[in-house]
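Reviewing the structure listed below.
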Amino acid sequence: MARTAQVLVIVAAWAIPVVWIGAELGTRPSDGTVVWSSPVAGGDEWGSAVTVRRTYGDSLLLPGDVLLSIDGRPLDHWLAGETSSDVSVGETIRYHVRRVEDGSPREYDRTVTVTHFPLGRALVADLPQVLVALLLLVAGSVAFYLRPGLVAARAFLGFASLVPIGLASSPWGLGALDLAGGRGYWPHVVAQVVFALGLGLAVLAAATLPTPRGWLSRHPWVVPAALALPFAGYAVWVAAVSTGEEGAARTQALLAVAAPALVVVVPAALAVLIFGYLRASSRDTRLATRLALMVLTAGLGLLLLLGVLPERVVGDPVLPFDVLMLLVVPPILAGVVVALVGYRLDVIEPNVRRAVVQGAVAAVFGTAFVVVAATVGRAADVSVGSILAGGVAALVVLPLAVALQRRVRHVVFGDRELPRSVVAELRRLDSSTAPSEALTETLSVLCRRLHLSHAAIQLPGTDGPALASYGEPSGGGRVVVDLVASGATIGSLHLETHPLRDPFGRGDRRLLEDVGAQVGALVQAVLANRELQRSRQALVTAREEERRRLRRDLHDGLGPSLATMMMRLESAQELIATDPDQAAVALGGLADLAHDDIAEVRRLVEGLRPGVLDQLGLVSALRQRAAQHEQAAGGHGLAWRVEAEEVEPLPAAVEVAAYRIVLEAVTNAVRHSHARECVVTLRRDDAQLRVRIGDDGVGMAEGRPAGVGLSSMRERAEELGGTCTVASDGRGTVVEALLPLRAGEDS
């Protein structure tokens with residue numbers, strides 16, 4: 006639907022009730038009274054007399070006046086239709102009235118001049134009902150504008166447009182003049198019928214809210230069934246009163262269309278929503294239906310608990326019904342609109358659900374208090390108002406007393422009884438704070454919130470300075486809390502209370518456990534950060550050392566050689582023309598020099614990453630080195646061999662580390678162990694590569710410090726997150742390295 010068409014529909018929806026009420030009431034001849042009261046809602050029953058319910062304008066009649074006759078004719082004759090006459094503006098009507106004054110009834114004759122219905126004064130007098138009607142139109146317009154293609158939104162707009170017309174029947178319903186030949190009953194009946202039709206559209210909106218697109222076309226009977234439902238309720242009402250009422254009471258019962266329709270529609274709409282919720286196929290549909298169901302149920306519950314029930318028990322509602330409607334209707338409409346348009350249901354529906362639960366509990370307890378107060382007041386002959394005032398005063402004073410108690414305990418004990426608030430403040434610490442400052446800031450929070458004079462974090466197994474501390478020891482009560490993270494104790498938290506404050510007791514265990522868990526997680530993060538910084542530092546140092554080695558080798562070795570080659574090439578070029586034989590000799594020397602430079606380049610490349618790994622792989626490369634070693638030794642000295650299962654392919658970093666560790670371990674065995682045999686074993690599982698180098702030599706001398714070779718092997722393993730251990734006894738030495746494969750793959 007185009008935007009222009011949407012706007013026109015919304016304008017028409019607003020125009021329908023405005024035009025009807027303005028035309029019907031603005032032109033109605035009136036005596037300023039309203040005598041209509043619905044018998045369904047417990048109104049005064051019509052008989053030989055009718056009671057004035059409300060008056061508007063400068064009327065000589067007052068609310069509560071009982072009209073006995075109009076123009077000399079008994080009122081039951083007018084209601085029976087035995088006489089009728091047209092009454093126009095400017096004429097006078099004589100009423101015979103019974104009025105209670107000073108506790109005794111008196112009868113008067115009052116002559117009233119007929120005027121137009123005072124619509125302006127009626128709007129001001131019944132402003133809450135007018136505001137509710139306007140809010141209804143706004144809600145319907147918003148829902149239709151945002152979801153014009155939704156059947157439920159269209160039906161809701163129709164409901165919002167037709168229901169305000171019911172104002173023409175209540176509170177601005179039949180006047181005494183209408184009973185005596187004014188406009189008659191037809192405007193009242195039309196307003197009631199239109200109101201009932203609007204209720205039918207509300208049922209249709211509830212029935213189509215949780216339905217998928219195209220559902221209504223497959224179930225066309227839903228529309229007439231929903232629209233007929235309010236009139237079915239009226240039909241049942243008429244059938245019930247047709248045999249029990251006569252005369253004026255029967256006329257009054259037949260004129261009550263809206264109330265019986267409302268009694269039927271409200272539970273029907275709730276039942277339809279419940280059924281739709283149970284058969285909803287998508288999560289959004291279930292949330293929307295549940296939201297609409299909750300706000301409607303909560304609104305009706307509040308109206309019953311705060312309006313109807315107290316009025317039946319005490320005689321007056323907790324709040325005037327008009328004010329109660331203004332408080333209840335806007336949240337209901339807002340919830341229905343959100344359900345119709347599907348706006349942020351994941352966020353709004355849970356919040357509404359919590360609010361409804363809390364409000365329901367408060368409303369139940371409030372109503373129970375009112376009922377109990379009324380019962381006690383009647384039994385003790387005490388004013389119910391004074392009891393309610395005392396209860397309200399207690400409700401006001403109680404939070405103040407609790408707040409004062411908490412403040413006093415906070416001054417004495419700090420926040421020991423509020424572990425959640427302490428832990429919450431620890432969690433709110435700035436995540437961008439430097440690790441060295443984060444621990445100090447944490448300890449400052451603990452000292453401030455728990456009234457401590459000193460707090461420190463100590464790592465396990467260290468007697469040196471604390472990892473972090475705050476404040477100065479003052480000799481107060483001390484307590485030590487273990488810092489646990491990931492199931493392991495990573496340190497301890499030393500807390501010292503101020504000498505003027507109470508020390509920690511057994512009841513503070515929960516607080517200390519929560520604080521220890523939170524601080525332990527922070528300490529673990531700080532230690533991990535420090536380890537990461539050390540690892541990065543080691544990587545940077547290794548990289549710079551490698552660059553320095555390459556620069557030295559290039560500058561001191563390959564660079565001068567290439568410069569010499571350049572000069573000899575220039576000399577050979579000059580000799581070609583004058584002495585070709587000498588030029589040939591010079592070029593031969595250059596070939597030898599180039600051969601040496603190529604060997605130097607290979608050596609440099611071998612230092613970066615052994616080329617043999619790319620050509621043969623780890624296992625074959627090691628076996629080739631073992632064969633070369635055995636060939637060079639000529640059968641004398643150490644012989645080593647490689648035993649390996651299916652270990653390849655491997656990450657590049659793991660290959661290099663394993664290759665270097667094996668060669669370093671074999672070199673150490675050749676130099677120091679006096680062994681005859683060395684076995685290299687390679688095993689792989691899903692997580693790591695296991696490298697084992699064992700010889701049958703004399704082992705390492707006891708107390709001998711680790712040399713450069715052993716340190717180099719450990720560093721290569723630790724760079725990948727692995728380990729390298731050396732075990733030695735009189736029967737030989739075993740070097741075992743565990744190299745994680747995942748770290749190598751990530752790199």
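First residue of the sequence shown: 6, per my numbering; consecutive thereafter.
For every residue, glycine included, the Cβ atom is placed at its ideal position computed from N, Cα and C.
**Request:** Please go through the stretch 228 to 299 and give each complete alpha helix (DSSP H) segment of 4 or more residues, from N-terminal end onward.
**Result:** If we require 4 residues or more, the alpha helix (DSSP H) runs fully inside the stretch 228 to 299 come out as 252 to 260, 263 to 284.
**Request:** Express the C-alpha separation of residue 686 and residue 744 in angstroms, rounding to a whole number.
**Result:** Taking the first residue of the sequence shown as 1, we reach residue 744 at position 739. Taking the first residue of the sequence shown as 1, we reach residue 686 at position 681. Each residue's CA atom was taken as its position, placing residue 744 and residue 686 some 14 Å apart.
**Prompt:** Which residue comes first and which comes last in the beta strand (DSSP E) that contains residue 22?
**Reply:** For this step, residue 22 is matched to residue 17 along the sequence shown. No beta strand (DSSP E) contains residue 22, which is instead part of the alpha helix (DSSP H) from 8 to 31.
**Prompt:** Is the beta carbon of residue 191 within less than 7 Å of some heavy atom of the ligand MN?
**Reply:** The ligand MN is absent from the structure shown, which contains no ligands of any kind.
**Prompt:** From residue 603 to residue 633, what does the alpha carbon distance come to, in whole angstroms?
**Reply:** Counting from one through the sequence shown, the residue named residue 603 turns up at place 598. Counting from one through the sequence shown, the residue named residue 633 turns up at place 628. So the alpha carbons of these two residues sit roughly 21 Å apart.
**Request:** Could you have a look at residue 3 and say whether DSSP puts it in helix, strand or coil?
**Result:** Any property of residue 3 remains undetermined from this structure, which presents the chain solely from 6 to 752.
**Request:** To the nearest angstrom, report how far apart residue 140 and residue 170 are at their CA atoms.
**Result:** Here the question's residue 140 lines up with position 135 in the sequence shown. Here the question's residue 170 lines up with position 165 in the sequence shown. Put simply, the backbone Cα of residue 140 is about 14 Å away from that of residue 170.
**Asked** Does the separation of the CB atoms of residue 569 and residue 544 fall below 8 Å?
**Response** In the sequence shown, the residue the question calls residue 569 occupies position 564. In the sequence shown, the residue the question calls residue 544 occupies position 539. No; because the gap between Cβ atoms is not below 8 Å, this pair is not in contact.
**Asked** If you run the structure through DSSP and keep just helix, strand and coil, what is residue 461?
**Response** For the purposes of this step, residue 461 is taken as residue 456 along the sequence shown, with counting starting at 1. In the three-state DSSP reduction, residue 461 falls in the strand class (E or B).
**Prompt:** Secondary structure at residue 147, three-state DSSP: helix, strand or coil?
**Reply:** For this step, residue 147 is matched to residue 142 along the sequence shown. Helix.
**Message:** Quick check: what's the CA-CA separation for residue 79 versus residue 253?
**Reply:** Taking the sequence shown and counting its residues from 1, one reaches residue 79 at position 74. Taking the sequence shown and counting its residues from 1, one reaches residue 253 at position 248. When rounded, the distance between both Cα atoms is 12 Å.
**Asked** Candidates 115, 675, 689: which alpha carbon is nearest residue 683's?
**Response** The residue you call residue 683 lines up with position 678 of the sequence shown. Nearest C-alpha to residue 683 among 115, 675, 689: 675.
**Prompt:** Where residue 97 and residue 182 are concerned, what is the direct C-alpha to C-alpha distance, given to the nearest angstrom?
**Reply:** Taking the sequence shown and counting its residues from 1, the one referred to as residue 97 is at position 92. Taking the sequence shown and counting its residues from 1, the one referred to as residue 182 is at position 177. Near 11 Å, if we compare the C-alpha coordinates of residue 182 and residue 97.
**Sufficient close CB pairs (3 or more, under 8 Å) joining the stretch 196 to 211 to the stretch 227 to 240** = Verdict: yes, contact present.
**Asked** So what does DSSP say about residue 220, is it helix, strand or coil?
**Response** Along the sequence shown, one-based indexing puts residue 220 at 215. Here residue 220 sits in helix by DSSP.
**Alpha-carbon spacing of residue 716 relative to residue 584, whole angstroms** = The residue you call residue 716 lines up with position 711 of the sequence shown. The residue you call residue 584 lines up with position 579 of the sequence shown. Residue 716 and residue 584: Cα-Cα distance of roughly 58 Å.
**Request:** Go ahead and pull the three-state DSSP assignment for residue 634.
**Result:** Within the sequence shown, residue 634 is the residue found at index 629, counting from 1. Residue 634 falls in the helix class under three-state DSSP.
**Prompt:** Can you give the Cα-Cα distance for residue 550 and residue 558, rounded to whole angstroms?
**Reply:** Here residue 550 refers to the residue found at position 545 when the sequence shown is read from its first residue. Here residue 558 refers to the residue found at position 553 when the sequence shown is read from its first residue. One alpha carbon belongs to residue 550, the other to residue 558, and they sit about 12 Å apart.
**Message:** Let me check understanding here. Comparing Cα to Cα, which of 736, 172, 301 lies closest to residue 23?
**Reply:** Mapped onto the sequence shown, residue 23 falls at position 18. Nearest of 736, 172, 301 to residue 23, Cα basis: 172.
**Request:** Take residue 13 and list the residues in its own chain whose beta-carbon comes closer than 7 Å to its own, dropping the five residues that flank it on each side.
**Result:** Position 8 of the sequence shown, counted from the first residue, corresponds to residue 13. Excluding the 5 residues flanking it on each side, residue 13 has no same chain C-beta neighbour closer than 7 Å.
**Message:** Let me check one thing: in DSSP terms, what residues is residue 734 bridge-paired to?
**Reply:** The residue you call residue 734 lines up with position 729 of the sequence shown. In the DSSP output, where bridge partners are listed per residue, residue 734 has 737.
**Asked** To which residues does DSSP link residue 112 through a beta bridge?
**Response** In the sequence shown, residue 112 corresponds to position 107, counting from 1. Beta-bridge partners of residue 112 (DSSP): 103.
**Request:** Within its chain, find whatever has a CB closer than 8 Å to the CB of residue 595; leave out the 5 residues flanking it on each side and keep chain order.
**Result:** Counting from 1 along the sequence shown, the entry for residue 595 is found at position 590. Setting aside the 5 residues that flank it on each side, residue 595 is surrounded in the same chain by 570, 573, 574, 577, each with a C-beta closer than 8 Å to its C-beta; the list follows chain order.
**Asked** Where do the N-terminal and C-terminal ends of the beta strand (DSSP E) with residue 699 fall, by residue?
**Response** Here residue 699 is taken as the residue at index 694 of the sequence shown, counted from 1. It spans 693 to 700 - the beta strand (DSSP E) in which residue 699 sits, taken as one unbroken run.
**Message:** Taking 8 Å as the threshold (C-beta atoms), are residue 458 and residue 501 in contact?
**Reply:** Within the sequence shown, numbered from 1, the residue matching residue 501 stands at position 496. Within the sequence shown, numbered from 1, the residue matching residue 458 stands at position 453. Yes; because the gap between Cβ atoms is below 8 Å, this pair is in contact.
**Request:** Classify residue 590 as buried or exposed, calling it buried when 16 or more other Cβ atoms lie within 10 Å of its own Cβ.
**Result:** Along the sequence shown, read from residue 1 onward, the residue named residue 590 stands at position 585. By the Cβ neighbour-count rule, residue 590 is exposed, with fewer than 16 other Cβ atoms within 10 Å of its own.
**Asked** Can you tell which of 491, 509, 498 has the C-alpha that lies nearest to the C-alpha of residue 482?
**Response** Numbered from its first residue, the sequence shown carries residue 482 at position 477. Looking at the Cα atoms, 509 is the closest of the given residues.
**alpha helix (DSSP H) segment containing residue 193, residue limits** = Here residue 193 refers to the residue found at position 188 of the sequence shown. Where residue 193 is concerned, the enclosing alpha helix (DSSP H) stretches over 191 to 213.
**Message:** DSSP has residue 648 in a bridge; who is on the other side?
**Reply:** As a working mapping, residue 648 is identified with position 643 in the sequence shown. In the DSSP assignment, the residues bridged to residue 648 are 686.
**Message:** Can you check which of these residues, 296, 729, 137, is closest to residue 669 by C-alpha distance?
**Reply:** Here residue 669 refers to the residue found at position 664 of the sequence shown. Residue nearest to residue 669 within the set 296, 729, 137 is 729 (criterion: CA-CA distance).
**Request:** Using three-state DSSP, classify residue 174 as helix, strand or coil.
**Result:** Position 169 of the sequence shown holds residue 174. Correct three-state label for residue 174: coil.
**Spatial distance of residue 152 from residue 158 (CA atoms)** = Here the question's residue 152 lines up with position 147 in the sequence shown. Here the question's residue 158 lines up with position 153 in the sequence shown. Those two C-alpha atoms are separated by around 6 Å.
**Item:** Collapsed DSSP secondary structure at residue 586 in the structure displayed
**Value:** Position 581 of the sequence shown, counted from the first residue, corresponds to residue 586. Three-state DSSP puts residue 586 in a helix.
**Item:** Range covered by the alpha helix (DSSP H) that runs through residue 182
**Value:** The residue you call residue 182 lines up with position 177 of the sequence shown. That run of the alpha helix (DSSP H) goes 181 to 184.
**Request:** Over the uninterrupted alpha helix (DSSP H) stretch that includes residue 618, give me the two end residues.
**Result:** For this step, residue 618 is matched to residue 613 along the sequence shown. Counting along the chain, the alpha helix (DSSP H) containing residue 618 begins and ends at 616 to 621.
**Asked** How big is the Cα-Cα spacing for residue 7 and residue 81?
**Response** Position 2 of the sequence shown, counted from the start, is the residue given in the question as residue 7. Position 76 of the sequence shown, counted from the start, is the residue given in the question as residue 81. If I take the Cα positions, the gap works out to 56 Å.
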